[in-house]
Amino acid sequence: MLRKVSFIEKEFYHLYNRGVDKRKIFESFKDYKRFLMLLYLCNSDLNVRVADTLKSLAFEEIFTRERGKPLVAIGAFCLMPNHFHILATPLAEKGLSKFMLKLETGYSMYFNKKNNRSGSLLQGPFKSEHAGDDRYLKYLFSYIHLNPAKIKDSRWKEKIGAKRDSLIKFVEAYPYSSLQEYLSGEHVITTPRSFPKYFSSKKEIEKHITDWFQTWEH
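Position one of the sequence shown corresponds to residue 1 (UniProt numbering), numbered consecutively onward.
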């Protein structure tokens with residue numbers, strides 16, 4: 001069922017959800033890869049037969065497949081062991097709700113079948129926050145991309161002074177966030193042109209991440 005909340009085109013939204021009872025929703029490399037593929041394949045106005053596509057193409061080939069018109073533009077994402085974050089803007093009427101319905105349903109069905117389980121995987125429908133001003137939108141880019149620091153140290157904000165360099169390296173190397181696409185300049189899942197151009201180079205992105213880590217030291 002589509003969400004009754006109205007999402008406005010050219011407006012930006014932080015979307016997130018976590019496992020029911022805070023359980024892990026990504027238990028293996030294969031799970032993360034599946035969600036990444038779904039981020040691409042479900043972002044389509046066509047009814048893509050995901051299972052058939054995954055059987056016929058290698059992981060890297062998935063992202064070159066023609067998928068029709070995208071429903072949303074994704075500006076950032078991060079997959080964590082028990083939750084995920086997505087920053088997106090709708091490109092079509094009800095595009096955001098349609099995309100999230102396809103994404104969450106597709107992943108939940110895959111996960112339940114793989115683990116021989118039934119019932120809800122996620123804590124109900126996805127949650128959303130409107131990024132109504134430029135300052136908050138820019139903050140979300142950092143917040144989403146800095147999330148993996150919690151994997152390295154759940155109390156990293158209390159110890160950042162001594163660990164800043166190692167945390168920065170960990171976050172920049174984390175394979176399940178869109179920061180990889182920004183640092184490499186190879187955008188497959190994300191579409192930066194649909195968002196304000198905050199960063200014009202890899203150096204600016206790295207500086208932005210470093211600056212945000214430094215703010216937690218004060």
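Quick reminder that beta carbons are idealized off the backbone N, C-alpha and C, glycines included.
Bear in mind the structure is a predicted one, so any value in this text is a computation, not a measurement.
- Note that the C-beta distance between R49 and Y107 is not below 8 angstroms.
- DSSP, read as helix, strand or coil, puts L41 in helix.
- T64 sits exposed, since fewer than 16 C-beta atoms from the chains shown fall within 10 Å of its C-beta.
- When secondary structure is reduced to three states using DSSP, P192 falls in the helix class.
- Take the alpha-carbon of D21 and the one of L38: they are about 23 angstroms apart.
- Between I74 and the set S200, D211, S166 and Y16, the nearest pair of CA atoms involves Y16.
- Nearest neighbour of F59 by Cα position, chosen from L79, D31, G68 and C78, turns out to be D31.
- Per DSSP, the beta bridge partners of E129 are H14.
- In the DSSP assignment, the residues bridged to V72 are P90.
- Per DSSP, N147 lies in no alpha helix (DSSP H) segment and is marked neither H nor E.
- Separation of Q180 and K138 (C-alpha to C-alpha, rounded to the nearest whole angstrom) is 17 angstroms.
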